[in-house]
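These notes concern the structure reproduced below.
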Amino acid sequence: EADTRARVARQASRSARRLIADWIIDNSGSRLDLAHEVARAWRWMQTLPHV
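So for the sequence shown, the working numbering puts the first residue at 1; every next one is plus one.
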């Protein structure tokens, strides 16, 4: 358990992750809302150049 707590403590905060994120999927709504969010994110990802 101590190892798990240490790993969690080393993770970036939510606000730090939001600052560097290209896209954030909001899953606070209904399942249908989430499906729309995921579809929008997928369409956006498909426009990115392949690396």
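From the three backbone atoms N, C-alpha and C, an ideal C-beta is built for every residue, glycine too.
The DSSP-derived three-state label of residue 9 is helix. According to the DSSP assignment, residue 33 belongs to the alpha helix (DSSP H) that extends over 31-46. Non-local C-beta neighbours of residue 25 in its own chain, meaning closer than 8 Å and more than five positions away in sequence, comprise 34, 37, 38, 41, ordered along the chain.
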